[in-house]
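Step one of this worksheet: look at the structure below.
Structure, rendered in structure tokens:
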């Protein structure tokens, strides 16, 4: 699942307290490590959550994801559509469930 938040650190702390392993695609991590984390999310079965911030809403193909959680309302509706379309591009074979 993707967890999207504009204040991602609270989500990270909450998931860590539950021993849920995450892959982080967030601004404070350099690009090389973000790409490694994305690959871990895609290929490692014990990495269940991709933490995604505004920075991750552009240019990613996340069409293999089936669940997305938006932790708060995104006031910029074009940003919201951009975030959702990363995981639900035209022609995607999987159904995407989005929860707010």
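In full-length UniProt numbering, the protein residues as written are 1 to 100.
For each residue, glycine too, the CB sits at the ideal point set by N, CA and C.
- Between residue 69 and residue 99, the C-beta spacing is below 7 Å.
- Counting only the Cα atoms, residue 3 lies some 6 Å from residue 52.
- Taking C-alpha positions only, residue 46 is separated from residue 21 by approximately 7 Å.
- In this structure residue 61 is exposed. Its beta-carbon is surrounded by fewer than 16 other beta-carbon atoms within 10 angstroms.
- Looking at the DSSP output, residue 99 bridges to 69.
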